[in-house]
Amino acid sequence: MLPDKNGYFGEFGGRFVPETLISALVELEKFYKNVSKCLHFKQELEYYLTNYAGRPTPLYFAKNLSEKFSMKIFLKREDLCHTGAHKINNAIGQALLAKKMGKTRIIAETGAGQHGVATATVCALFGIKCDIYMGDEDIKRQAINVYRMKLLGANVIPVHSGSRTLKDAINESIRDWVTNVKTTYYLLGSCVGPHPYPVIVRDFQSVIGKEVCKQMLTFYKRLPDYLVACVGGGSNSIGLFSPFYNNRNVKFIGVEAGGLGLKTDKHAASLEQGKVGVLHGTKSFILQDKNGQISQTHSISAGLDYPGVGPEHAFYKTTGRAKYVSVTDKEALAGFKLLSETEGIIPALEPAHAIAYLSKLKAKNKIIVVCLSGRGDKDINIASEKLKVKS
Amino acid sequence: MNRLEKLLKELKSQNKKVLSVFLTVGYPNIKTTEKLIIELEKYVDIIELGIPFSDPIADGPTIQYSSQKALENGTNIHQVFDIIKNVRQKSNIPIAIMGYLNPIYNFGLNKFFQQLKKCPTETFGNDITGVDGLIIPDMPSEESNKTRKLAKKYKIAYIPLVALTTEKNRALKIANSSTGFVYVTAVTGITGVREKIDSELIPFLKTLSAKTSKPLFVGFGISKPEHIQKLKKYCDGFIIGSAVIEQIRQKKSVINFVKSLKTVLNNF
Chain A
3 MLPDKNGYFG
13 EFGGRFVPET
23 LISALVELEK
33 FYKNVSKCLH
43 FKQELEYYLT
53 NYAGRPTPLY
63 FAKNLSEKFS
73 MKIFLKREDL
83 CHTGAHKINN
93 AIGQALLAKK
103 MGKTRIIAET
113 GAGQHGVATA
123 TVCALFGIKC
133 DIYMGDEDIK
143 RQAINVYRMK
153 LLGANVIPVH
163 SGSRTLKDAI
173 NESIRDWVTN
183 VKTTYYLLGS
193 CVGPHPYPVI
203 VRDFQSVIGK
213 EVCKQMLTFY
223 KRLPDYLVAC
233 VGGGSNSIGL
243 FSPFYNNRNV
253 KFIGVEAGGL
263 GLKTDKHAAS
273 LEQGKVGVLH
283 GTKSFILQDK
293 NGQISQTHSI
303 SAGLDYPGVG
313 PEHAFYKTTG
323 RAKYVSVTDK
333 EALAGFKLLS
343 ETEGIIPALE
353 PAHAIAYLSK
363 LKAKNKIIVV
373 CLSGRGDKDI
383 NIASEKLKVK
393 S
Chain B
12 MNRLEKLLKE
22 LKSQNKKVLS
32 VFLTVGYPNI
42 KTTEKLIIEL
52 EKYVDIIELG
62 IPFSDPIADG
72 PTIQYSSQKA
82 LENGTNIHQV
92 FDIIKNVRQK
102 SNIPIAIMGY
112 LNPIYNFGLN
122 KFFQQLKKCP
132 TETFGNDITG
142 VDGLIIPDMP
152 SEESNKTRKL
162 AKKYKIAYIP
172 LVALTTEKNR
182 ALKIANSSTG
192 FVYVTAVTGI
202 TGVREKIDSE
212 LIPFLKTLSA
222 KTSKPLFVGF
232 GISKPEHIQK
242 LKKYCDGFII
252 GSAVIEQIRQ
262 KKSVINFVKS
272 LKTVLNNF
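Protein chains in written order, with this note's numbering: chain A, 3 to 393; chain B, 12 to 279.
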């Protein structure tokens with residue numbers, strides 16, 4: 003599967019960064035290419051994914067939800083991974099890379115905090131110094147995860163510029179990396195950024211889709227009809243979708259953050275409302291104003307609050323391989339409540355978007371796999387306030 | 012031959028060193044930017060005008076702040092063109108545009124060059140474009156083919172960046188692709204005032220200048236007469252950005268500051 007040698011998925015991708023970073027990206031690309039073929043690396047990765055992260059995660063048949071929607075709904079339980087989200091798959095993979103490259107410091111950005119927690123976790127595990135950039139708006143929204151990162155020994159650096167969310171945390175991470183590129187590894191959390199990051203993140207997250215494929219064939223002797231996952235930068239969805247790329251009967255649905263509605267400017271639906279542009283080193287769909295300035299975004303879910311999207315998703319959209327839709331904050335909250343009440347599983351607000359979309363999906367009796375990318379502990383305060391749950 | 016090319020030719024024949032000053036268009040406001048360009052013409056050789064961008068990843072806090080303020084003032088790419096047109100009624104100083112890719116891409120690359128070309132004046136002749144050089148800090152050489160072709164078509168110098176981390180053969184290839192000067196970033200890092208010069212810079216400049224005839228200009232972190240004194244033997248020019256923006260921010264005299272740098276530069 004794509005990209006080409008310059009990191010392009012069709013017309014999307016590439017490497018648009020200051021020259022200082024080019025040698026680091028070339029080094030990373032070469033290193034990754036070699037190490038990903040190395041049996042010892044594969045075994046080591048598998049060891050940590052199995053014994054530390056808790057893979058494979060279950061593919062759970064959600065009977066009550068299925069009955070409600072007259073569909074056969076399966077939940078890929080990434081929320082059961084160590085640290086509570088799919089982010090750990092990528093963090094383990096990239097931290098192993100960083101360690102093998104001899105880097106002594108890891109930096110990362112985080113929105114919802116799940117990637118920050120995953121990075122802080124693997125840095126503790128492998129004994130690497132860790133600095134995490136986080137918008138101060140997100141620090142307020144995701145206090146529990148900030149506390150977890152600090153407990154794990156990471157230094158959380160607040161970002162006060164711009165919208166004070168994930169976009170600005172990425173800007174600061176890139177600036178730090180430009181300055182400390184010789185000693186520092188930038189552990190990017192989603193399938194965005196300059197080549198080779200979208201490939202690396204996709205490959206490490208593709209364990210999700212590979213397991214789904216195996217689990218479906220083992221237990222049900224067939225592949226699903228639909229794969230549904232939320233899309234911010236797009237790492238859990240690309241991890242679920244990409245192994246099925248050539249199985250054209252398996253339809254992909256990516257659910258973006260519709261915020262207060264697509265007719266307002268308070269959303270984060272880059273694929274539906276964005277225009278092709280360049281942000282954080284990659285060409286993709288970007289939410290921007292008429293002068294090409296990057297738009298401020300909004301989502302109830304910090305993890306989806308990003309004005310761009312991974313280039314592979316942009317390619318899936320323009321080629322029609324995947325369909326991208328959105329649900330609003332309100333609908334996502336309904337999804338959050340629905341899964342909690344029907345299946346006894348409290349989802350993160352990110353996959354709550356995917357759950358919410360099920361009520362709109364016309365797929366009676368079809369087999370649907372939803373990626374439950376993370377658990378909802380971190381969002382309890384936001385959700386209880388919005389849903390007015392009394393303690 | 013545009014103004015920048017003429018200047019670089021002169022530089023070569025007279026062994027003259029060049030001072031280029033960076034201004035963020037619209038900071039602190041459009042009027043001041045325009046006024047400063049005219050005032051600075053007497054003291055500097057090139058003006059670099061930055062198109063403000065919301066997410067300037069190669070810039071440090073000072074230029075980032077100026078961009079943010081310029082955007083809050085409502086500065087947009089159209090005003091950048093307007094300012095050039097206005098300035099060209101009065102000034103013939105070489106102007107280079109520095110812009111991140113997204114606003115340019117959004118505007119349309121072809122249209123962008125057409126607009127740069129559309130800034131000629133009656134004073135200096137319609138065959139001369141308003142803008143003489145172009146710098147795009149987030150567009151490495153692999154992505155620059157189309158831009159370089161358009162720059163050639165519109166007779167605007169394409170100014171690439173090389174960094175201290177750039178591998179030697181690549182640096183040479185990039186340098187030779189320049190149709191103006193080569194922008195050597197003095198630090199492994201972002202723009203911003205620095206105390207010390209990176210110890211790797213002089214050896215880097217020595218190696219590169221031995222292999223290319225293209226003029227090497229040093230930017231990023233250059234902020235003091237001492238920096239210029241230390242480096243002027245090894246390069247052809249300097250670009251001063253954050254230190255100038257800092258003067259504006261602190262309401263100090265940009266002219267006096269620039270004069271102090273120029274004195275050191277001219278004093279062999």
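From the three backbone atoms N, C-alpha and C, an ideal C-beta is built for every residue, glycine too.
Helix, strand or coil: how does DSSP classify residue i here?
| i | result |
| --- | --- |
| A/T321 | helix |
| A/C193 | coil |
| A/M151 | helix |
| A/Y359 | helix |
| B/F123 | helix |
| A/F11 | strand |
| B/L19 | helix |
| A/S72 | coil |
| B/L175 | coil |
| B/S31 | strand |
| B/L145 | strand |
| A/Q290 | strand |
| B/D247 | coil |
| B/S69 | Reading the sequence as shown, one finds Ala at residue 69 of chain B and not Ser. In this structure, B/A69 counts as coil in the three-state DSSP scheme. |
| B/E133 | Because the pLDDT of B/E133 is 49, which lies under 50, any placement of that residue in the model is unreliable, and the number read from its coordinates should be weighed accordingly. Coil. |
| A/K368 | coil |
| B/I57 | strand |
| A/L273 | helix |
| A/F33 | helix |
| A/T167 | coil |
Could you say which of the options lies nearest to residue i if we only look at CA atoms?
| i | options | result |
| --- | --- | --- |
| A/Y50 | A/A97, A/L23 and A/N238 | A/A97 |
| B/K160 | B/F92, B/R181 and B/T190 | B/T190 |
| B/K184 | B/I201, B/G203 and B/E153 | B/E153 |
| A/D81 | A/K285, A/I384, A/I288 and A/A354 | A/A354 |
| B/T158 | B/E206, B/L120, B/N187 and B/E178 | B/L120 |
| B/K80 | B/E52, B/L34 and B/N278 | B/L34 |
| A/A100 | A/G115, A/R79 and A/G129 | A/G129 |
| B/H89 | B/Q126, B/S77, B/I74 and B/N13 | B/Q126 |
| A/K366 | A/F338, A/K7, A/G256 and A/D227 | A/D227 |
| A/N8 | B/S271, B/S155 and B/T202 | B/S155 |
| A/P60 | A/M73, A/Q144 and A/T52 | A/T52 |
| A/Q217 | A/E111, A/I288, A/F63 and A/I94 | A/F63 |
| B/L22 | B/L227, B/I95 and B/E257 | B/L227 |
Excluding sequence positions up to five away, which residues of its chain have a Cβ less than 6 Å from the Cβ of residue i?
| i | result |
| --- | --- |
| A/G12 | F317 |
| A/N92 | V203, F206 and Q207 |
| A/M3 | Y247 |
| A/D379 | none |
| A/I90 | A55, C83, H84 and A120 |
| B/F118 | I88 |
| A/G256 | V233, S239, A324 and Y326 |
Considering only the beta carbon of each residue, do residue i and residue j sit closer than 8 Å?
| i | j | result |
| --- | --- | --- |
| B/A107 | B/G144 | yes |
| B/P105 | B/L15 | yes |
| B/V269 | B/C246 | no |
| B/T43 | B/V36 | no |
| A/G211 | A/G241 | yes |
| A/F14 | A/S286 | yes |
| A/Q290 | A/S297 | yes |
| A/F76 | A/I370 | yes |
| A/I288 | A/G312 | no |
| B/S102 | B/I49 | yes |
Going by beta carbon distance, what residues of the same chain come within less than 8 Å of residue i, once the five residues before and after it are set aside?
| i | result |
| --- | --- |
| B/I18 | Checking the sequence shown, residue 18 of chain B turns out to be Leu, not Ile. Cβ within range, chain order: V29, D56, I57 and P105. |
If I measure Cβ to Cβ from residue i and keep anything under 7 Å in the same chain, skipping five residues before and after, which residues do I get?
| i | result |
| --- | --- |
| A/H183 | A quick correction: the sequence has Val, not His, at residue 183 of chain A. If we look at A/V183 and ignore the five residues flanking it on each side, its Cβ neighbours are T22, L23 and A26. |
| A/T220 | none |
| A/Y188 | I109, S175 and W179 |
| B/E211 | L175 |
| A/D381 | A350 and L351 |
| A/Y34 | L99, P198 and I202 |
| B/T86 | V36, G37, I41 and P63 |
| B/E133 | Summary for B/E133: the model assigns pLDDT 49, below 50, so the residue's position carries little reliability, and this model does not support an answer. |
The stretch 23 to 35 of chain B in contact with the stretch 237 to 247 of chain A per 3-pair CB rule at 8 Å: no
The stretch 329 to 342 of chain A in contact with the stretch 136 to 146 of chain A per 3-pair CB rule at 8 Å: no
Cβ contact (3+ pairs, closer than 8 Å) linking the stretch 116 to 125 of chain A and the stretch 384 to 392 of chain A: no
At least three beta-carbon pairs within less than 8 Å, the stretch 272 to 279 of chain A to the stretch 160 to 169 of chain A: no
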